[in-house]
Structures are given as structure tokens and as C-alpha cells.
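For the record, the sequence lines run as chains A and B.
The C-terminal position of the first sequence is numbered 510 in our numbering, with every residue numbered one higher than the one before it.
The C-terminal position of the second sequence is numbered 384 in our numbering, with every residue numbered one higher than the one before it.
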Amino acid sequence: MRPERRRALALAAVVLLITRPLAAEETYRWTDHFTTPVEFFRIWWSAAQSTPVRDHIVTLSADQTALAFVLDGDRTLRVDFDAGRLLIDGHLAGRYPAGGALEVSWRQLVSDAARHRTAAVVTSLHQWQPAGLSAEESILAALIHQRTAELGAPSPVAASPKALPQAAPGGLTIPLNDLSDAARLEPLLRRASREAGPDLAVTVPGGEARLGRYSLGSGATLHGPLLVIGGNAEIFGTLDGNLATVDGDIIVHRGATITGDVLAVGGDVNSEGGDIRGEIRTLRGAAAPAAVPEAEGAPASALATALRRAAGLAGILTSLLVLGMSAVLFAKQPLEIVSDTIAHSFARSFVVGVLGQIMLVPTFGMLVVGLILSVAGILLVPFVVVVYLLLAVLAIVGGGLAMAHAAGEIWTRRRMATGMLVGSPNSYRYLWLGLGVPAALWSAWILFGWVPLAGSLMLGLAVLVSWLLLTVGFGATLLSRGGLREGFAGRVLPAESLTDEYLWATPQFGVPAAKRPGSRTPPPLP
Amino acid sequence: MMGSLPGATGRSVRAALTALLVAAPLHGQGMQQASAARQLFDQTSLHATVSFAAGTVILKPAASGMLYRMTADFDPLRFVPVSKYDGAAQSVSLGIQPTGQGGITVSSRAHLAQSATIELSREVPLVLDLNLGAAEATADLGGLRLKRVSMATAGSKAVVRFSQVNPGRCDSLVVNAGAAEVTLESLGNSRCQWIRLGGGAGGVNLDLSGAWAAEARVRVSVAVGRVKLTIPKDLGVELTLEQFLSSFEPKGFVRNGKVWQTPGYAQATHRIAVNLSTTVGGVNVTWVP
Chain A
-15 MRPERRRALA LAAVVLLITR PLAAEETYRW TDHFTTPVEF FRIWWSAAQS TPVRDHIVTL
45 SADQTALAFV LDGDRTLRVD FDAGRLLIDG HLAGRYPAGG ALEVSWRQLV SDAARHRTAA
105 VVTSLHQWQP AGLSAEESIL AALIHQRTAE LGAPSPVAAS PKALPQAAPG GLTIPLNDLS
165 DAARLEPLLR RASREAGPDL AVTVPGGEAR LGRYSLGSGA TLHGPLLVIG GNAEIFGTLD
225 GNLATVDGDI IVHRGATITG DVLAVGGDVN SEGGDIRGEI RTLRGAAAPA AVPEAEGAPA
285 SALATALRRA AGLAGILTSL LVLGMSAVLF AKQPLEIVSD TIAHSFARSF VVGVLGQIML
345 VPTFGMLVVG LILSVAGILL VPFVVVVYLL LAVLAIVGGG LAMAHAAGEI WTRRRMATGM
405 LVGSPNSYRY LWLGLGVPAA LWSAWILFGW VPLAGSLMLG LAVLVSWLLL TVGFGATLLS
465 RGGLREGFAG RVLPAESLTD EYLWATPQFG VPAAKRPGSR TPPPLP
Chain B
96 MMGSLPGATG RSVRAALTAL LVAAPLHGQG MQQASAARQL FDQTSLHATV SFAAGTVILK
156 PAASGMLYRM TADFDPLRFV PVSKYDGAAQ SVSLGIQPTG QGGITVSSRA HLAQSATIEL
216 SREVPLVLDL NLGAAEATAD LGGLRLKRVS MATAGSKAVV RFSQVNPGRC DSLVVNAGAA
276 EVTLESLGNS RCQWIRLGGG AGGVNLDLSG AWAAEARVRV SVAVGRVKLT IPKDLGVELT
336 LEQFLSSFEP KGFVRNGKVW QTPGYAQATH RIAVNLSTTV GGVNVTWVP
């Protein structure tokens, strides 16, 4: 259908749907006047590109005639004629006259669909041209065509159910003897589903793998674990072992028995009166990057872990950089004072930092207990708890940033002292450079953390250095009272050095004590 | 603002912002749904241990023919669903536990709201252990054949409801709450003989209504928080108070030595001994028909 004609049809549909008298119908709701046109437009324009169909489901009853398609990617598309209402994916798209040409034709189509394969059903739907429709029915028929236009040819999985050959040594092996750790099995099962096709080979130790729909007959007994990929597993007989499906449901019919566990990844387990003696598990949704080993013991596992850790490190460093830049912008002086405190009193800052960490919790406890015992201070407890925790976090994080600032500043000044050209020696640069120290250590661990002993040593070193830097920063924050005690770091010159005497008299600094005026040390004998 | 920064610094800031934009989607992660269930065959009892680290957990009776069922939405980056059944011991461990792996999850809070619904059979005698971390719990244990219940929670809120009478006989119900507000509703339907509720900081709502089977003892210890008692008028309650900095309005009680008793305590069909210990807070009593 041409776009111009589609739009004209849509406009006509809106007018019809809004003005159509609905009050006489039992299911009428006044909001339908507003929601139906909206849903109509949404459905009209939501048709996507061609999507392979895996399966179809037919529902037939006196009032309801529905055809649902199971699409790739765990999606479904359902067209439902339900007591005068046309529902598409559960949303009201319009209303049709009961017993009219549209409903009769649709019922015929759906009845035929129950007897045919999915590919034939999709073709029939695309070719469906009901005759004798009223204007309203024509619009709804066009809407159904529009919405189902995305249904493409059935995926190879649905088209060719078959037993899968065993994989070559080193190929895809999925052990199904223990289904208790579904999160571990999921990546392997997802991989099998992704690679589903004519060349797929999967080894299930002690059992077998099937591609596409699988049905175990009522008189049949199958031993060993069974894997079904990309289709439903319908059990009418006895399965002596575990059963796993990926992108398909498990349906256990009355009289059927599964002696082991069952697992459906990307599907459901429906027991329609059958017995499942073991655990029934399902798993849906996004897989965790942390648990995405391509195969057991494969190098990709280390790569996935490294990527996850790298993302974590990038996130932390970025957060610290943003915080540090904010500190430079809005609290530059306290940051520089704490930084200078570190530079001038490194060891002292470390000792105070260790003591501060030891005293952090007891101080907090004493503070809270003291407030409770004072009775009047009980009301302050919640505020004090919040403020104390905030201050502690601020002191540790701020101290760490100041430590980075100090490290960057020292390194930059040393380079400048050697005559090297440094771009812009400012606080932003100091922070960037200073954070590079722990970043380098953690990066080394990320790259080589998978090496058995070296990885542990690198992790230990990174943790130790990070703790050391944070401790020094924390201690310097305490010593300089959060950067408010300017004189501590020696950043501010004493008052006497700013007198006029400083300009002409003997310098107070850099002169041996014995030569200072007023020194009690006698001058050396001539 | 970035435009005013020096060249190298500006480049650094832009690089940092780029890294931020790259890192966010790299580690963005959706939720996963998992379920675990087992049909009821010849099991004669069940010892269920439910561990839930963070989120919202709902407990309720299972449909007929099911021994247990758990459905859970969880953050797969940090948590993993647990369902371990031991046929010999007739015990099961259910819940969501941390994987112990770190990482940064960039997503909305609502997107990461973990939840689990756990259903347990009402057809077999049940021993229930609940270990809830930072979880908000709502448990309707009505109709379950409870033999023993213990619950530990550090979360913000826990509601334990006995909407129906326990068909069995319960030895004990023990609830330990850290900083949670704990509500026990229709406690009489639990048919527990010994009930103990310990709380650190948080309110406690204790509803003593329901069909008590026999005499029972209730002990409530709260460090900081308010205790609200709901008492049916026809129930015989003997209240022993241990207070430090808390208030108590004894309206409706009759003093008998060191204890407070409801009127007609000696003649009451069901008599409950309540020992209430509070350090800081108050005790409110509500009478219901």
C-alpha cells in the first residue's frame, strides 16, 4: 500500500473510531474515544522491519479468535478478535461488527492456521484478502496487514527441527547433568541459540541436543539429559534425566514424567498435569557480563572479566576526576592546603591517617552513646549520624583527591626543575596526573589479574598503595582541619617574614642558627 | 566553562567527560528474571531457608501441588538466585545472594529494584528461616503449617501477617530486626507458643488478635523505638514492663503487683504473657473488639 493511501486510511479510521457510537456495547468505556485512536496510530506506525517468526499459537473459542506469533528475540505479536474488539498485543485497536465478513474470514484463517506450519501461516496471513467488508472492517483489515507486515520468513530454527550432531573436540559443549547453576549455563545456552543454523553442532555429555520444536511421544522413554534449542519441548512420555531449552517453552502434558530438573532459558515451564520430579527453573532477561564465559576455560572469560573490571575502573576514575575538578573549582584553597600538608608532612599525615581510621568507629559510637545518655541530645542522633558519615566520606575522598593533587604537583615541579616543558601546570593537571598512579596499578591488575600468582600480587599491591594514598590524604585532612588550618603546611609565611626588616636585615631563613641575631649560641672562637 | 580552561586542561576535561559517556553504557545492565519451583510429591516436611540481600520480598502460601516456588527479578551483575533442595533433609535454600563481585552499575534506581515472590506449600509442616538483608519484606504466613519460624532483617520494613489460622502447632516465632519497622499482624493465628521480637532501632507493631490455641509467651525487646500493641478486649494479657526512658499509658489495664493485666485476665479463655523491654521510646496500646 502506498504511503499516501495509508495516511488517508489512517485519518479515515480516526474519524470513524472517534465518532462511532460505542455506548450500546457492554465493553464500552468513555476513555475508548481517546485511547483507541491513539492505539490505532501507535500500532499503525509501530510496524518494524522484517522479523523471523519462530512459532505460532492459535486460540479459538465462541467469542475469541486469536493468532499469536512467537518472534525472534522473545517477542510476540498477537492479533485477537475478542467479542467485537480487535486487540493487537493486548491493546484495543478498533471494533468490528460481530458475525460480520471480517470476523468470519478471520476465523477461517485462524482455523486453517491450527493445521499448518508457521511458514504457511505467515504466507496465508500476508495473502489474506477478506471479501465483502464494510468501510470500518476494511480499515481494520488494513491495520492487521500493516501490523503483521513485519512477519518475515520463519527462522531456520523453526523451519527445520532436527537432532544436532556432536561438536568436534573443543567445540561447544553444554553439560546438563547439573542445572542448579542456571546463571553459569545461560551463556552457553545463549551461544547455542545465537549460532543456531544448519552447521550447529553441540555436545551434551551423556545426552542429546535438538534444534527446533521437539515432542516426546506418550509411549516413549528417553534417557539422559536433553537440550532443545529454539523451539518448544513438549513431553508426553517419560524423560529420564534433565531437560533444558533455550528460546522455547517446556510443556509437560498430563501423564508425562520428567525425572530430573528442567531449565527454560528465555522461555516458560508449563506443567499441564505432568510430573516434574526435579527442580523447575526459568531464566529470562539480559545476561550478566560478569557471567559470560563463552566456553568453560576459554580465554574469552578472562577478556570478559578484564572488560568488566576496566569499565569499573573507568567509572571510578571518571567519578573521582569529576569530583576533583569540582573541588578545584569550588574549594581550591582547602584542596591546596591539604595537598601542601601532604607534601610537607607525609609521614606525619600517614600516622595520623592510620590513627584516624582506628578511631573512626569508636568516636562515632561514643558520640551516639553520649547523645543518647544526655537525653536532650537524643533528637540530634539522626542528624549527627548523617553528618558524621558525610564528613568521614568527605575526609577520605577529599584527602584522596588532595593526595592525587600533591603527587601530580610534585611530579610536575620536578619535571619543570629539569627544564622540561610542561603544558599548563595547574591543579586540573595535577589531579589528572596524580590519579594516574593508582590508575596505572589497577590497570596492571586488570590486564594481568588472570595470571594465577602475579594477578593476586598485583591486586595486593594496588590495594596496598591505594590504601596508603587514601590514609595519607585522610591524615592530612585531619591535620589541616579539612584545609582550614593554613599555617600547618607552611604554605603561609610567618608574619615576621613580611616586615620591612626582611628587606634589608639578615635573612631569618636559610642562615645557620649560630649566625642568627639574638642566638644564644656563642660565636665560634677565632 | 570548559572553553575558558587552558588547552591541555580543556582536552583533559573533554577526555574525562568522554570517558564518562563511554563508561556509562558500557556497564549499564538490565534486570534478569528467574524462577525456581518444585512439585509436591511424597515430601512429609520442609525446612525452608530464605536469604534475600536487597530489595523487596513477598512470602505467601503456594498453590496446591507445589512444594515451593520462587520468582525473582535481580541485578545479575551483583546477585545470583539461589535454589538448593536437599531431598534427604527435605530442606531448601531460596533467595537472592550477592555474588561478591564489584563493578559500577549505571542505571536508574527503579530499574534496579530487586524483588522476589516466594511461595511455600501449606500441605506439609514447615520450618522457616528468613534472613533478609536490606530488604523490605511482606510475609503472609496464614494457612501455612508452621512448626518454627525465625526471621532476621536489617531492612527498612518487615510485615509478617497471619491472615489464616495455622493448621499445625508452632513452637516458636523469633524475629530479630536491626533498624527495621516490624509489624506482626494477627499473631494469634500463628498458634506459636513462644514469640520473641528483638529490635535495635525502629518501630514495632504487635497485633495480638487472632485465634490463639493455648497460653503463649511473648517477649519484645526494643532499644530505640516505639512499640504499638493491639489487643483484643476478650484476650487475657499479662504485661510486664521493663522501661528506661520510655512512656506507657496503662489505660485499660489493671495493676497486679509488678504486672499489668487486662480485666478478667484470670477468667480469660486464652492468656498471653507479654514481657516488654524498651530503652528509649514509648508503648502505645490500642484496644480492638
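C-beta: ideal position from N, C-alpha, C; glycine also.
Taking the beta carbon of Gln209 of chain B as reference, no residue of chain A falls within 7 angstroms; the closest one sits roughly 12 angstroms away.
In this structure, His365 of chain B keeps its C-beta atom at 8 angstroms or more from the C-beta atom of Trp289 of chain B. Exposed is the label assigned to Arg59 of chain A, since fewer than 16 other Cβ atoms lie within 10 Å of its Cβ. By the Cβ criterion, the segment 324 to 342 of chain A is not in contact with the segment 423 to 430 of chain A, since fewer than three pairs of Cβ atoms, one from each stretch, lie closer than 8 angstroms. In this structure, Leu211 of chain A sits near Ala193 of chain A, with a CB-CB distance shorter than 8 angstroms. Between Gln185 of chain B and Thr151 of chain B, the gap from beta carbon to beta carbon reaches 8 angstroms or more. With respect to chain B, the C-beta atom of Glu256 of chain A has no partner C-beta closer than 8 angstroms.
The residue among A:Pro318, A:Gly407, A:Pro182, A:Arg79 with its C-alpha nearest the C-alpha of Ala125 of chain A is A:Arg79. Contacts with chain B at 8 angstroms (Cβ-Cβ) do not include Ser89 of chain A.
Secondary structure at Asn370 of chain B: strand, using DSSP grouped into helix, strand and coil.
In this structure, the alpha-carbon of Thr43 of chain A lies about 49 angstroms from that of Leu268 of chain B. Between the alpha carbons of Glu218 of chain B and Arg291 of chain B lies a gap of roughly 26 angstroms.
With at least 16 other beta carbons inside 10 angstroms of its own, Asp39 of chain A counts as buried. Between the C-alpha atoms of Asp170 of chain B and Gln127 of chain B there is a straight-line separation of about 6 angstroms. Taking Ala296 of chain B as reference, the option from B:Leu227, B:Thr374, B:Ser304 with the minimal CA-CA separation is B:Thr374. Taking Arg243 of chain B as the centre and dropping the five residues before and after it, the same chain places the C-beta of Val222, Asp266, Ser267 closer than 6 angstroms to its C-beta, in chain order.
By the neighbour-count criterion, in which 16 or more other beta carbons inside 10 Å mark a residue as buried, Met387 of chain A falls on the buried side. Ranked by Cα distance from Gly377 of chain B, the options B:Ala148, B:Glu337, B:Val322, B:Leu154 are led by B:Val322.
Annotated three-state conformation of Pro318 of chain A is helix, per DSSP.
Cβ-Cβ separation between Tyr372 of chain A and Phe334 of chain A: approximately 23 angstroms, too far for a contact (criterion under 8 angstroms).
Among the CB atoms of chain B, one or more fall inside 8 angstroms of the CB of Leu267 of chain A. Residues of the same chain with a CB within less than 7 angstroms of the CB of Leu445 of chain A, apart from the 5 flanking positions on each side, are Leu425 in chain order. The three-state reading of DSSP puts Val277 of chain B in strand, counting E and B together.
Close CB contacts of Ser341 of chain B within its chain, under the 6 angstroms cut and outside five residues either way in sequence, are with Thr373, Gly376, Gly377 (chain order). Using beta-carbon distances, Ser450 of chain A does not count as an interface residue toward chain B, since no partner is under 8 angstroms. Remark: C-beta atoms of Ala232 of chain B and Ala247 of chain B do not approach each other more closely than 8 angstroms. Residue A:Leu227 holds the alpha-carbon nearest to the alpha-carbon of Gly251 of chain A among A:Gln341, A:Asp259, A:Leu227.
In the DSSP assignment, Trp395 of chain A falls outside any beta strand (DSSP E) and lies within the alpha helix (DSSP H) extending over 365 to 401. In terms of beta-carbon proximity, Ala166 of chain A lines the interface with chain B, with at least one pair separated by less than 8 angstroms. Under the 10 Å beta carbon count, Phe257 of chain B is surrounded by 16 or more other beta carbons and is classified as buried. Straight-line measurement puts the Cα of Ile356 of chain A at about 12 angstroms from the Cα of Val369 of chain A. For the pair Ala132 of chain B and Ile264 of chain A, the CB atoms are nearer than the 8 angstroms cut-off. Under the 8 angstroms criterion on CB atoms, Val175 of chain B is classed as interfacial with respect to chain A. With contact defined as three or more Cβ pairs closer than 8 angstroms, the segment 158 to 166 of chain A and the segment 177 to 192 of chain A are in contact. For Trp289 of chain B, there is no enclosing alpha helix (DSSP H); the residue is found in the beta strand (DSSP E) stretching over 287 to 296. Annotation: Ala52 of chain A to Pro36 of chain A spans about 14 angstroms, alpha carbon to alpha carbon.
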